[in-house]
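Participant: One structure, pasted below without further comment.
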Amino acid sequence: MTALPVRRTGTPGQSGSAARQRAGLARLRIVLFAIAGLNGAHTAVLPFLPHVATHLGLSPLLLGVFLLADPAAKALCQPLGGALTDRAGPGRILPLGLVIAVAGIAVVMVADQAHLAIGGRLIWGAGTGIAVPAAYRTIAVLAETYQVPPARLYASFGAGAITSMAAGPPLAGLLAPFTGYQGVLAIAAAIGLAGAALVVVRLRLPVPPRASAPGTGPAERPALRPGDLRAVIVFGVCSLCCNLAWSSVESLVPLSLGAGAHDSTGASALVLTAGLVSFIAVTLALGRLPDGARSPRAGSAAAIIMGGAGIALVNVDALGIGLPAIVIFMGAQAWTYLAARDGMTHHTGRSGKAFGVFGMIADGGNLLGPLVVVLAAGPLGPRAAFALLGAVCLVAAATLAIGTRILPPVPAPASFPEAGAGAGGRHRAPRLQPAPVTTGAALGRPSATRPDRAASVSPPPPPELVYLLDRVDAVLLLADRYLQPGPHLPGHSPGPAHPRLHPSRRSVRTGAPRIPHRSTR
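So for the sequence shown, full-length UniProt numbering puts the first residue at 1; every next one is plus one.
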């Protein structure tokens, strides 16, 4: 009986928070609409492949190049898109990427020769690769501005992206009696241009200040640091395994059912649709759960479940086993993928470069998936290929369980008010703070004010692990030469050291020791 009055407490703050969250979700729909045209076009062209090959005179080899040109260009251009996003802001780079992708779609649409169509696919993929990091950075800005939990926005974005891709083939089938693939691509191009215009007119995202402007700090210009690169590799490899698993299963299921089922087309559509519905449902549900549900430990457990379900898909021709297996497989994959995405957000904040490199690694799974299909059609066979996918899922589980142990710790993420909750504080991207002043408790001795602090101090890491991490940092600092362009040149004052870098680290460009943060002394 007392619950109702408690929930009514703070009604003005509740209504204000709910209104802000609704505004943030409404602007997320603009981003989804802008990306939907590109995602739908990727899959809508697949039913027309025989006609495309005949019209353009594509040999089997050229057809393979035509299909791989788009995902390869997308993967390679994502780091570039992330770097441009950090420099110019997502409000400029997201429309730019959409317009480049639409230009590539237009080239494919009017091409009458194989090399023109392949060139168009390359431009199409490059534009998508530039737009994707900007879209993720846009979500981070929306979460901060409108106080919406980032996990909820990322989950809604992922579910919407998968839905638009799943809707491509059915829509192509409905339009096939009235138009060819050129008409379908024209509709996708129109949606892409309309989405770019909406991003410019309605979102009006802030433009980051110049690097040389006074007062510019890491909060305004997110920087990718060696510790972040380590997180990008860990979570990127996990996502690579997820993408590899799905890009293989979507072809292995029809191959396996074609040998054992009478109506292989209908059975394949039923199994794959059930998997996509499971992925979307689990993604949306996880976006509303607390952060602990998407922790690396939970993601590792989900990857193990995904591996077991992938092995069970060996018997996919028996629908009584295949349907539950694909539902569990895709649900666990969504859980693993969101755990990796949440880890990226916690460890790298709003860095567009981080999401660009992450996307490049993750998209490598989409390129390796067809290789598993080729092995399944040749020496391995579909059953052994499903077992191989189970091993890939175990690699994802081990990456999350072991890889996250070498990452620097992060503070607890800022709490966001859920829908109907009181207004909370403004969200800031989680960042590591400078090391506190050394006290007796920090050295393992009881403190006068907190005698229990000594029990919570972790033992020092073994020297071998410290040496290994130093070597990893050396390699990542070399990569930082490309990933961290800036004004830190000889003769230019680099300013205070970034709090996420240990004071003993030396500048990559000048070789001078970094200045310790004054608040730590």
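The C-beta atom is built at its ideal place from N, Cα and C for all residues, glycine as well.
Straight-line CA distance for F358 to G343?
Facilitator: So the alpha carbons of these two residues sit roughly 11 Å apart.
Participant: Does the separation of the CB atoms of I326 and L313 fall below 8 Å?
Facilitator: Cβ atoms of I326 and L313: closer than 8 Å.
Participant: In three-state DSSP terms, what is P50?
Facilitator: Reduced to three states, the DSSP call for P50 is helix.
Participant: Kindly list the residues whose CB is nearer than 7 Å to the CB of G119, restricted to its own chain and excluding five residues on each side of it in sequence; keep chain order.
Facilitator: So the qualifying residues of the chain are V107.
Participant: Taking contact to mean 3 or more Cβ pairs, one atom from each stretch, closer than 8 Å, check whether the segment 389-403 and the segment 293-302 are in contact.
Facilitator: Yes, the segment 389-403 touches the segment 293-302.
Participant: Distance, Cα to Cα, V52 vs L58?
Facilitator: Their backbone Cα atoms lie some 8 Å apart in a straight line.
Participant: For V45, which of helix, strand or coil comes out of DSSP?
Facilitator: In this structure, V45 counts as coil in the three-state DSSP scheme.
Participant: State the DSSP-derived secondary structure class of A423, mapped to helix, strand or coil.
Facilitator: Here the model assigns A423 a pLDDT of 36, short of 50, so the residue's position is not dependable, and the following value carries that caveat. DSSP places A423 in coil when its eight states are reduced to three.
Participant: Measuring alpha carbon to alpha carbon, tell me which residue in S156, A143, P290 is nearest L284.
Facilitator: When each option's Cα is compared against that of L284, the closest is S156.
Participant: Provide the residue span of the alpha helix (DSSP H) that contains G300, from first to last.
Facilitator: The amino acid at residue 300 is misidentified as Gly; the sequence shows Ser. 296-312 is the extent of the alpha helix (DSSP H) around S300.
Participant: Assign Q147 to one of three DSSP states: helix, strand, or coil.
Facilitator: Coil, per DSSP.
Participant: Using the Cα positions of T138 and R152, report the straight-line distance between them to the nearest angstrom.
Facilitator: Taking the straight line joining both Cα atoms gives about 14 Å.
Participant: If you run the structure through DSSP and keep just helix, strand and coil, what is residue 523?
Facilitator: The question about residue 523 has no answer here: the residues shown for the chain are numbered 1 through 521.
Participant: What residue does the alpha helix (DSSP H) around P379 start on, and which one ends it?
Facilitator: Looking at the DSSP string, P379 is not in any alpha helix (DSSP H), and its letter there is neither H nor E.
Participant: Any chance the segment 112-131 sits against the segment 65-78, with 3 or more Cβ pairs inside 8 Å?
Facilitator: In short, these stretches touch, since the Cβ pair count reaches three.
Participant: For the 8 Å Cβ check, are there 3 or more pairs between the segment 34-49 and the segment 189-204?
Facilitator: Yes, since at least three Cβ pairs between the segment 34-49 and the segment 189-204 fall closer than 8 Å, the two stretches touch.
Participant: For a test of the three-state rule: what should DSSP assign to F178, helix, strand or coil?
Facilitator: Three-state result, F178: coil.
Participant: Under 7 Å: does the beta carbon of A245 sit that close to some heavy atom of the ligand GDP?
Facilitator: Looking for the ligand GDP in the displayed structure turns up nothing, as the structure carries no ligands at all.
Participant: Leaving out five residues before and five after R383 in sequence, what residues of the same chain have Cβ atoms less than 6 Å from its Cβ?
Facilitator: Cβ neighbours of R383 beyond the five flanking positions: V314.
Participant: Does DSSP put A318 in a helix, in a strand, or in coil?
Facilitator: Three-state result, A318: coil.
Participant: CA-CA distance, T348 and L174?
Facilitator: Taking the straight line joining both Cα atoms gives about 43 Å.
Participant: Could you check whether the segment 362-378 touches the segment 88-105, counting it as contact only if at least three pairs of C-beta atoms, one from each stretch, sit closer than 8 Å?
Facilitator: No: fewer than three Cβ pairs fall under 8 Å.
Participant: In or out: R294 buried (at least 16 other Cβ within 10 Å) or exposed?
Facilitator: Buried, because 16 or more other Cβ atoms sit within 10 Å of the Cβ of R294.
Participant: Whose CA, out of A385, C242, F235, lies closest to the CA of L407?
Facilitator: Closest by alpha carbon: F235.
Participant: Cα separation between M360 and D70?
Facilitator: Spanning the two alpha carbons is a distance of roughly 13 Å.
Participant: In angstroms, rounded to a whole number, what distance separates the CA positions of G444 and V253?
Facilitator: Confidence at G444 is low in this model, with a pLDDT of 40, below 50, so the placement of that residue is unreliable and no value is reported for it.
Participant: Flag V148 as yes if its beta-carbon sits less than 8 Å from any beta-carbon of chain C, otherwise no.
Facilitator: Although the question refers to chain C, the structure presented lacks it and comprises just one protein chain.
Participant: Classify Q113 as helix, strand or coil using the three-state DSSP reduction.
Facilitator: DSSP places Q113 in coil when its eight states are reduced to three.
Participant: What does the alpha-carbon distance come out to for the pair A134 and G104?
Facilitator: If I take the Cα positions, the gap works out to 19 Å.
Participant: Are the beta-carbon atoms of C393 and A245 separated by less than 8 Å?
Facilitator: Cβ distance < 8 Å, so C393 and A245 count as in contact.
Participant: Once DSSP output is grouped into helix, strand and coil, what is the label at L389?
Facilitator: L389 falls in the helix class under three-state DSSP.
Participant: Could you check what DSSP says for R288 in three-state terms: helix, strand or coil?
Facilitator: Three-state DSSP puts R288 in coil, outside helix and strand.
Participant: Measuring only the C-alpha atoms, how far is A44 from L375?
Facilitator: In a straight line, the C-alpha of A44 is about 26 Å away from that of L375.
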